[in-house]
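Asker: Here it is: the structure, laid out below.
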Amino acid sequence: MKKVLLLVMILMTLPLLGHAQTAKDIDAEAVRVLDKMTDAISELTSCSVHVKNSIDTLNADNKLVKYHRSSDVQFSGPDKLLIQIQGDTGHKGYWYDGSFLTYYSYDENNYITLETPNTTLEMIDAMHKRFDFEFPSADFFYPHFVDDILDDFQSVKYKGSSKVEGENCDHVIADNDKMKVEIWVSKNAPNMPKRFLITHKDEHNRQYESVFNNWNLSPVIPDETFVFSAPANSKLISVMSKL
C-alpha cells in the first residue's frame, strides 16, 4: 500500500484492538474494498471533510450515556491539520502547522501550545499518548490500516451494497471476540469512507460511530490556515503529560 501523507481526524477514534487468532475467515472482496479505500486516501495531498460522531460512555453511576459532536477537518501535505469540533462536550479546535499543535477551547477562551513531531501522523500518536488528545477517525489515514484489520480480527466479510444517507456504499464487517467493526465505503465519493461503526461486545454494547460528509479531495488551503492566532483576552494554560 502507498504511504499515507497524513491524517485527519476525528478525534478521536477508538483504537482497533483485538486478539490475534489462528483461524481466520477473510473475504477477498472485503480486502479489495478496504485496499481501494486506503490507496485512494494515500493519493491525497489535501482534503477536507465533515464528520459526525456519536460516542457511548459510562457515567459515574456506570450508566450508558451517548454524546454527539461534529467536526470540520482540513489537512494539507504531510504536516498541516485543522480540526474544529462542536458538540455535547463543548466547542474546541486543533491547529497543527508542522512544528506546534495548539488546542483552543472556545467556551473557556484558553489554549495550549505544544511542540510536536514534524508529521501529522507522528503528531497524532504523540499527543494521544502524552495528553489523551483525540482526533476524529484518524485510523483511516494510517498506511497500515488494512493490515491492522486483518491482524486483529478473526472474520472480515463483504456484506454487499447498502445506502447510507442516500449514498451507495460497499459494506464490510470485521469481527472478533471483543468488538465488531463495520465500514461503509462510498461509491459516490470514490472509495472514501462514509460510515464507521464500532460495537464493543461487553455488557453495555458500547458504540462509537462516525459519518462522513462533504468530502473535498483536492482543496487549495493556504498554510496560514493552520497557524493559530490567539483571540483577544484568551489565556495560555499548561497541561500535564501522562508520560
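Counting from 14, one number per residue, gives the positions in the sequence shown under our numbering.
In this text, a Cβ means the ideal position worked out from N, Cα and C, and glycines have one as well.
(1) If you drop the 5 nearest sequence neighbours on each side, which residues of the same chain put their C-beta closer than 6 Å to that of residue 98?
(2) Just reading off the beta strand (DSSP E) that residue 70 is part of, what are its end residues?
(3) Across which residues does DSSP place residue 208 in a beta bridge pair?
(4) Considering residue 159, what are the terminal residues of the alpha helix (DSSP H) in which it resides?
(5) In whole angstroms, what separates the C-alpha of residue 168 from that of residue 140?
(6) Using a Cβ-Cβ cutoff of less than 6 Å, which residues in the same chain neighbour residue 219 once the five nearest sequence positions on both sides are dropped?
(7) Can you list, in chain order, the residues of its chain with a C-beta nearer than 6 Å to that of residue 46? Leave out the 5 residues immediately preceding and following it.
(8) Using DSSP with H/G/I as helix, E/B as strand and the rest coil, what is residue 192?
(9) With a CB to CB cut of under 7 Å and the five nearest residues on each side skipped, what residues in its chain are close to residue 40?
(10) Cβ atoms of residue 87 and residue 234: under 9 Å apart, would you say?
(11) What would DSSP say about residue 246, mapped onto helix, strand or coil?
(12) Candidates 103, 123, 67 and 131: which alpha carbon is nearest residue 113's?
(13) Could you pull the start and end residues of the beta strand (DSSP E) that residue 230 belongs to?
Answerer: In brief:
(1) 82, 84 and 105
(2) 59-71
(3) 197 and 224
(4) 158-165
(5) Approximately 31 Å between the Cα atoms of the pair.
(6) 69 and 213
(7) 183, 185 and 198
(8) strand
(9) 169, 170 and 171.
(10) yes
(11) coil
(12) 131
(13) Careful: residue 230 lies outside any beta strand (DSSP E) and carries neither H nor E.
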